[in-house]
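Asks: Following this message is one structure expressed as structure tokens.
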Amino acid sequence: MNKYMYNIEKFSDDEKYKFFKELKPVVLFAIKRAYNKFDSIPLEIEDMEYYAWEAYNDLIKIYYKRKMRKSFTSCLVDAVYWKTLNVCSKYVNNKFKIVNNCMRNASLLNDDYHLNINYHDENQTELIDNVGWNDLLDKYFSKFKTDLERRIFNEHVNGTHLTKIAKQEEISISKTKSTLQKIIIDLKEVINSKVF
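This is how it looks when you write it as structure tokens:
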């Protein structure tokens, strides 16, 4: 490890990687220290190695420029610790949506998705009932005096355009849009507070 300490910023990518591998016990220590502050998050310690690599590269860029007094290893422990802490807290706070979007995009590209997108039958309705969404929606829409809001929402979920919904319900497009926006905002709050 000492042979690398004086030329880190001049390393080739291969040498950086080798040095990172030598520092892996230190990196894992920093990751575990941050990771243990969170209860049961579905991220593996190995998943954090990418972020440790980012922290390592960032540290190489600034270590000599700032003339830090601490050793490179102890600075690396701090950098990896804070990076891991940041990633875990973002995940816990549901700001880690890029992972969800990537998974969603991958499922949309799947051939099975395109085969099943227009497939509607009793099994689909049964699945929705099993999840409890209908109960949740029934409870939400029961607070309205008429079933206009439910019809607007159902038509929107089924893919009907707002102008067609407005024409069917004999109301203005702006009323349809504002009603739908209110419903969606309310349902987001209900789902976030009751279900998850």
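Residue numbers are given in my numbering: position 191 of the sequence shown equals residue 193, and the series is strictly consecutive. Ideal Cβ positions, reconstructed from N, Cα and C, are used throughout, including at glycine. A quick note: this is a predicted structure, and the numbers were derived from the prediction, not measured.
Exposed or buried, E157, counting other C-beta atoms within 10 Å across all chains shown (16 or more means buried)?
Replies: Burial is judged here by how many other beta carbons sit within 10 angstroms of a residue's own beta carbon; E157 has at least 16 and is buried.
Asks: Could you spell out the range, first to last residue, of the alpha helix (DSSP H) harbouring R153?
Replies: Per DSSP, R153 belongs to the alpha helix (DSSP H) from L150 to V159.
Asks: What residue does the alpha helix (DSSP H) around I64 start on, and which one ends it?
Replies: Taken as a continuous stretch (DSSP letters only), the alpha helix (DSSP H) holding I64 covers E51 to Y65.
Asks: As a quick exercise: from K147, I173, I154 and L139, pick the residue whose alpha carbon is nearest that of E191.
Replies: L139
Asks: Excluding the 5 residues preceding and the 5 following A32 in the sequence, name in chain order all residues of the same chain whose CB lies nearer than 6 Å to its CB.
Replies: So the qualifying residues of the chain are V79, V82 and Y83.
Asks: Terminal residues of the continuous alpha helix (DSSP H) containing E24?
Replies: D15 to E24
Asks: Please identify the residue among T178, V94 and I173 whose C-alpha is closest to the C-alpha of I43.
Replies: V94
Asks: Any idea what DSSP makes of T165, helix, strand or coil?
Replies: helix
Asks: What residues in its chain sit with their C-beta under 7 Å from that of V89, if we drop five residues either side in the sequence?
Replies: M50 and Y53
Asks: Under 9 Å, do F74 and L61 count as touching if we go by C-beta distance?
Replies: A contact, by the Cβ cut-off of 9 Å.
Asks: Can I47 and L25 be called in contact, C-beta distance under 9 Å?
Replies: 9 Å or more divides the Cβ of I47 from the Cβ of L25.
Asks: Quick check on DSSP: helix, strand or coil for S109?
Replies: With a pLDDT of 47 at S109, under the threshold of 50, the modelled position of that residue is not reliable, and the figure given next carries that caveat. Three-state DSSP puts S109 in a helix.
Asks: Please classify F146: does DSSP put it in a helix, a strand, or coil?
Replies: Shown here, F146 sits in coil according to DSSP, grouped into three states, outside any helix or strand.
Asks: Would you give the residue range spanned by the alpha helix (DSSP H) that S174 belongs to?
Replies: Unbroken run through S174: none, as it is neither H nor E.
Asks: Tell me which residues share the same chain as K85 and place their Cβ nearer than 6 Å to its Cβ, disregarding the 5 neighbours each side in the sequence.
Replies: Y53 and A57
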